[in-house]
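Going by the working numbering, the sequence shown opens with residue 1192, and the numbers climb by one from there.
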Amino acid sequence: MNDDQPTYIVHQCDNSSFMGPLAGVGLALFVAFAVLKQIDYYVYLAWTAIQPYYDAAVSFAEPVRNWFSQLFG
């Protein structure tokens, strides 16, 4: 054995073996929250862009709906 080389003692402890998966789950939840928040933002933008046309279509179709309700009501 060469005494000139230092000896490294590595202490391995299994008490924190749950920290890796726990960090992975935490990171996955964070990413999922960020992605869902971004999707929610895009849905909001799309709805605000479409809403005037939707309201116009509903008001245009209202007489037809009333006619059907009188016909089959």
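Here a beta-carbon is modelled for each residue, glycine too, at the ideal position from N, C-alpha and C.
Return yes when the C-beta of Pro1197 is under 7 Å from any heavy atom of the ligand PLP, and no when it is not.
-> Annotation note on the ligand PLP: not contained in the displayed structure, which lists no ligands.
Span separating the alpha-carbon of Tyr1235 from that of Leu1213 = The sequence position of residue 1235 within the sequence shown is 44, counting from 1. The sequence position of residue 1213 within the sequence shown is 22, counting from 1. Rounded to the nearest angstrom, the gap between the Cα atoms of Tyr1235 and Leu1213 is 33 Å.
Taking just the CA atoms, how far does Val1249 sit from Val1255?
-> As a first step, residue 1255 is located in the sequence shown; it is residue number 64 there, counting from the start. As a first step, residue 1249 is located in the sequence shown; it is residue number 58 there, counting from the start. Each residue's alpha carbon lies about 10 Å from the other.
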